[in-house]
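Residue numbers for the sequence shown follow my numbering, beginning at 1397 and rising by one. Report on the structure given below.
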Amino acid sequence: MKEHQGFFPLMHPENGKLVPHFIAVTNNRAKDMGLIREGNERVLAARLSDAKFFFDEDRKITLEERVVKLAGVTFHQKLGTMEKKQQRVKRLAGFIASSLRPQDGDLKRACERAADLCKADLLTGVVGEFPELQGVMGGEYAKHDGESEAVSLAIGQQYLPRSIEGELPKSVAGQVLSLADRLDTVAAFFHVGLVPTGSEDPFALRRNATAIVRIILEEQLRLDIGSYIDTARDLVIGDGFKGGATPLQDGRRRMIEFIFERVRHYVRVVYALRDDVIEAVLKQSHGKSLDLVDLVQRMKALESVTAKPEFDPLIIGFKRAHRLVEKEQWDRKPVDKARFEHPTESALYEAIAEERQKMISAMTCGEYVQALNALVRLKPPIDAFFAGVMVNAEDPSIRSNRLSLLQEVDDFFNSFADFSQIVVQGG
């Protein structure tokens, strides 16, 4: 009615259910408007009659009976059949469900069962006639076939969101299935080298990545997206598809960066965060657990601390230390307190030890503003250190020890974010 005829369906004002009426718009004021109404009714009745015919025919075969025929449906010429994709999605969905809720066996079983059936509606008459109903019809047919509500809802929600700002899956199983399907799609096309270039994105990989980011962040799913990327890529590679020109490890890095690019866009639009704050957190996260919810919480905390009057001078002091340890060559050993010659060395060393414990405690609890306050409190001892001593002392052992102390400062800051990315005036 909406997509094909351009009509407006009407809903009951109290329960929101469809009523047997619709609105049609015409730019032709005919003498007998009744003829136009009857014509529209006749066209819509024919379309609905076709849909009912296909629906009744589809109901004669269950989704489970259709699954075997997915072996004859091509996903992509370089990526095999929908049967192979469905099998990968099932394994990935089970892995995601288990890691998301380790004690919830019912969720894993629902996700795997939904994945078993999720692509079967591609072989139905209704979806063949109305492709935009894929997933929706699968959920309805699953319900008619006697599948559980969790399974039916997951199948019906697997393609959500259908647009950049569209509705998200509401059920946890639907979220898991949508994530698994989209991660598989992105991993598969990246593996064979079919990645977006410029404005070209023929396989909607950017839209899939945006959906992944939105589901995780808006539903606050605490999970390691890096492990799911690894699993998705392993499953694609395991199916024996010939890879593109990019080495495997580079492929992983590029896929993570592709997801991060969607994260960047999302937090700019939704939270209006500074670009340097975003980069500071994302750069520090490479090679570590990729919990997107945690990363965004860090970004928001860092953004809030940048408003403190002592923040810019603190970053100037940090960057001075960072440049020295990056540029200088020295015998990198643990700091030797016996080689301290000035009180500011001891004061900085002790401040780092004290504030490090406070930061660790705060970060363990997810109290990131408190963790950053531990860094802010290092400003006075850092300033005093640079005012009190010359780092490049004539005695090589003293010089090396002071550089090792500044390495402690650098490591302490970088345990939260890559502060070298932060832009400040005078730094």
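Just so it is clear, CB atoms sit at the ideal spot from N, CA and C, and this is done for glycine as well.
{"Item": "Residues near Phe1736 by beta carbon distance below 7 Å, same chain, minus five either side", "Value": "Ser1742"}
{"Item": "C-alpha distance - Asp1672 paired with Ile1818, whole-angstrom precision", "Value": "5 Å"}
{"Item": "Beta-ladder partner(s) of Leu1414, from DSSP", "Value": "Met1407"}
{"Item": "Closest Cα partner of Asp1620 within the set Tyr1745, Asp1690, Val1421, Ala1605", "Value": "Asp1690"}
{"Item": "Unbroken alpha helix (DSSP H) run spanning Gln1553, endpoints", "Value": "1545 to 1553"}
{"Item": "Identity of the residues DSSP links to Ile1419 by a beta bridge", "Value": "Phe1404"}
{"Item": "Neighbourhood of Val1721 by C-beta distance below 8 Å, restricted to the same chain and skipping five residues each side", "Value": "Leu1799, Leu1802, Gln1803, Asp1806"}
{"Item": "For Gly1520, the three-state DSSP class (helix, strand or coil)", "Value": "First, the residue type needs correcting, since residue 1520 is Thr and not Gly in the sequence shown. Residue state, collapsed to three classes: coil."}
{"Item": "Three-way DSSP call (helix, strand, coil) for Thr1458 in this model", "Value": "coil"}
{"Item": "Proximity test, Cβ basis, 8 Å: Gly1589 and chain B", "Value": "Of the protein chains in the structure, only one exists, and it is not chain B."}
{"Item": "Straight-line Cα distance separating Phe1707 from Ser1700", "Value": "10 Å"}
{"Item": "Segments of 4+ residues assigned as alpha helix (DSSP H) that fall wholly inside the region 1555 to 1587", "Value": "1568 to 1587"}
{"Item": "Local conformation of Glu1750 per DSSP, three classes", "Value": "helix"}
{"Item": "Reference Glu1536, options Ser1494, Thr1458, Glu1746, closest by Cα", "Value": "Thr1458"}
{"Item": "Other residues of its chain near Lys1398: CB distance less than 8 Å, five sequence neighbours each side excluded", "Value": "Phe1404, Pro1405"}
{"Item": "Reduced DSSP secondary structure (H/G/I, E/B, other) of Thr1593", "Value": "strand"}
{"Item": "DSSP beta-bridge partners of Thr1470", "Value": "Thr1477"}
{"Item": "Inside the region 1709 to 1739 only - alpha helix (DSSP H) runs reaching at least 4 residues", "Value": "none"}
{"Item": "CA-to-CA distance, Leu1744 to Phe1781, given in whole angstroms", "Value": "7 Å"}
{"Item": "8 Å Cβ shell around Thr1740 - same chain, five flanking residues per side excluded", "Value": "Pro1777, Ala1780, Phe1781, Ala1783, Gly1784, Val1785"}
{"Item": "Alpha-carbon to alpha-carbon, Glu1508 and Ser1483", "Value": "Before going on, a small fix: residue 1483 reads as Gln here, not Ser. Those two C-alpha atoms are separated by around 9 Å."}
{"Item": "Buried or exposed (CB count within 10 angstroms, at least 16 for buried), Leu1444", "Value": "exposed"}
{"Item": "Helix, strand or coil at Ile1818 according to DSSP, with G and I counted as helix", "Value": "coil"}
{"Item": "Under 8 Å between C-beta atoms of Asp1635 and Lys1515", "Value": "no"}
{"Item": "Contact between the region 1664 to 1671 and the region 1578 to 1594 (3+ Cβ pairs under 8 Å)", "Value": "no"}
{"Item": "Close Cβ partners of Ser1681 (< 7 Å) along its chain, the five nearest in sequence each way excluded", "Value": "Leu1691"}
{"Item": "Residue from Met1651, Arg1660, Ala1697 whose Cα sits closest to the Cα of Phe1812", "Value": "Ala1697"}
{"Item": "Whole-Å CB distance - Leu1579 paired with Pro1565, under 8 Å assumed", "Value": "Their Cβ separation, rounded to whole angstroms, is 14 Å, which puts Leu1579 and Pro1565 out of contact at 8 Å."}
{"Item": "Which of helix, strand or coil DSSP assigns to Phe1781", "Value": "helix"}
{"Item": "Simplified DSSP state of Glu1790, which is helix, strand or coil", "Value": "coil"}
{"Item": "Cβ contact (3+ pairs, closer than 8 Å) linking the region 1485 to 1496 and the region 1419 to 1436", "Value": "no"}
{"Item": "Rounded distance between the beta-carbons of Ala1493 and Val1572, thought under 8 Å", "Value": "5 Å"}
{"Item": "Val1421, buried or exposed, once every other Cβ within 10 Å from all chains shown has been counted against 16", "Value": "exposed"}
{"Item": "Presumed contact (8 Å Cβ cut-off) between Ile1655 and Val1609, rounded CB distance", "Value": "7 Å"}
{"Item": "Extent of the continuous alpha helix (DSSP H) run through Glu1763", "Value": "Looking at the DSSP string, Glu1763 is not in any alpha helix (DSSP H), and its letter there is neither H nor E."}
{"Item": "Buried/exposed call for Leu1768, threshold 16 Cβ in 10 Å", "Value": "buried"}
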